[in-house]
Structure formats: C-alpha cells, structure tokens
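Q: Residue numbers (the numbering used here): 24 to 276. In this text, a Cβ means the ideal position worked out from N, Cα and C, and glycines have one as well. Predicted model only: the values in this text are computed from it and were never measured.
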C-alpha cells in the first residue's frame, strides 16, 4: 500500500480485504513501513523465509543517480515474527512498537556523507579497496568495473567484502541496515558503500565514519514496556509482497 503522505505512529493504516490477499504463512511474517524521498510512504505485509523471527529491521539509504546528480534518501522499519495458527503477529500494533522504539538518523546527519558518493568521471578501479573475509565476494574486474563497493557486517566478528565488480554503475549509494534481535537483545549492522572516485573511496575508514554517525538507536526496554500500553483488539491481517534491498538493489549490471 502506497500513500501520498508521511505515515506516523498515529495514522498507520490497517489493511483491508481489497488491499491484500489472505494467505497461510509457512515462513516468517513481516510488516514494513517506508518513508520515501518524495514525501510518500508505503506499508507492506508479507511472509518472508529469509528474515529472522522476532526482530526489528531498520534501514537508511542515500543514493545519487550518476547521470543526473539527484540525491534521494529513503528510510524503512520492519517487524518480523514467527507465525501462529491462531494469532497474527505482523500487525499494525507491533509495527507501532517498532516505530516508537526506533530513532533513525536525521537528514542533516545523512547528507554529511554526500561527498563520498558524489558523481565524478575520474575513476580507476585498481585504486578501489580490494579485500574479503566473506565466504562469497564478487571478483574485481579492473577492465570493466565502474564503481568501488564495500560491504561490512558488524556482529560478533567483522566481515568485509570490498571489490570493484564488473557492470555499469547507475547510482552511487550507501545504506545502513541494522537487525535488532528481540529475544537476546543483540544487533547486527551491515553497511554498504558504492562510490566512484579516484582513490579507495570504499575504505574501511569511510564505512567506519558512516557507522559512527548514522547509527540507528533502538530501545529494547521501550519496545517491551510499550507492548501492553498500545495493544488493542487485533483486526484481520493480510499479507503482501515485502522487498528489503538485495546486495545490488542500486547496482544495475
């Protein structure tokens, strides 16, 4: 469902039979709200086997089209849960809990890193940072690559994939994706930086700056404390397609 206004805690709409198709969930259930750069909002209900049960996901993305120089910021919050035979879990009430417990970075904080992704014609792939300790990381192809990319995941250990893969760079971007695990109150951060500059713009130091400045704050205590205060009789819940960016969401081969 897409809306031509910015959704808030107080005006999150509930789905109707006309909005969604009712399905039996065999995998995890999700509900996601997105605040888009053009002032519109979107809400999706879905079943997704790839998302962890009992978690809240927050994502901030900033991208610029290389040919137009137009910058765009999008933000997302999702609640993921284990399905039940009797009680729906991906409800508006649970999405509200996720929203009031989450503080996303401001526009001012995000725009501080525009210089990392500014479009430029000065580029040589051989200067990109190239290192990996991940099981899978695309190979660098100096002859055909057009963009330095790094993905760093912070959890119990730090995993990195830094390369210059083949393909056409349509957008430069960075996104900060955090999963908060409600059962053990831990989190996993994943930051992606795709840039096109003369030098190692995808450096570990640059991603570290993004991590330190754009961290999303999540209050576990507030999430659980608020459960009883905003829970009300549950309406019929339906499920829709949920898409949370893939590795190359902004990278067209």
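#1: From the DSSP output, read off the bridge partner residues of residue 138.
#2: So residue 242 packs on residue 78, CB below 8 Å; how close in whole Å?
#3: As an exercise, report each continuous beta strand (DSSP E) stretch of at least 3 residues that is fully enclosed by the segment 54 to 91, in chain order.
#4: Can you list the beta strand (DSSP E) stretches of 3 or more residues lying completely in the segment 153 to 193, in chain order?
#5: Tell me the rounded alpha-carbon separation between residue 192 and residue 54.
#6: Can you find the residues in the same chain that come closer than 8 Å, C-beta to C-beta, to residue 132, ignoring five residues on each side of it along the sequence?
#7: Kindly indicate which three-state DSSP category residue 32 falls into: helix, strand or coil?
#8: Do you know how far the Cα of residue 200 is from the Cα of residue 209?
#9: How about the segment 174 to 194 and the segment 64 to 72: do they share at least three Cβ pairs that are nearer than 8 Å?
#10: Do residue 157 and residue 187 have their C-beta atoms within less than 7 Å of each other?
#11: Excluding the five sequence neighbours on either side, which residues of its own chain have a C-beta within less than 7 Å of the C-beta of residue 224, listed in chain order?
#12: Compute the beta-carbon to beta-carbon distance between residue 174 and residue 149, rounded to the nearest angstrom, for a pair I have assumed lies under 8 Å.
#13: Taking the DSSP output, what are the residues bridged to residue 112?
#14: Is residue 215 helix, strand or coil by DSSP?
#15: Which stretch, first to last residue, makes up the beta strand (DSSP E) that contains residue 96?
#16: Determine the direct distance from the alpha carbon of residue 240 to that of residue 127, and round the result to whole angstroms.
A: The answer reads as follows:
#1: Answer is none; residue 138 lacks a bridge partner.
#2: Between residue 242 and residue 78, the beta carbon gap of about 15 Å keeps them out of contact (Cβ cut-off 8 Å).
#3: With a minimum length of 3 residues, the continuous beta strand (DSSP E) runs that stay inside the segment 54 to 91 are 64 to 71 and 78 to 88.
#4: Given a length threshold of 3 residues, each whole run of the beta strand (DSSP E) inside the segment 153 to 193 is given here in chain order: 171 to 177 and 181 to 186.
#5: Looking at the two C-alpha atoms, the distance is approximately 31 Å.
#6: So the qualifying residues of the chain are 236 and 237.
#7: Coil, per DSSP.
#8: Rounded to the nearest angstrom, the gap between the Cα atoms of residue 209 and residue 200 is 14 Å.
#9: With a cut-off of 8 Å, the segment 64 to 72 and the segment 174 to 194 do not count as touching, because too few Cβ pairs lie within range.
#10: If you check the CB distance, residue 157 and residue 187 do not come in under 7 Å.
#11: Closer than 7 Å at the Cβ level, and outside the excluded window around residue 224, lie 139, 171 and 218.
#12: At roughly 20 Å, the Cβ-Cβ gap does not stay under 8 Å, so residue 174 and residue 149 are not in contact.
#13: Looking at the DSSP assignment, residue 112 forms no beta bridge with any residue, so it has no partner.
#14: Strand at residue 215.
#15: It spans 94 to 104 - the beta strand (DSSP E) in which residue 96 sits, taken as one unbroken run.
#16: Approximately 7 Å, taken between the alpha carbons.
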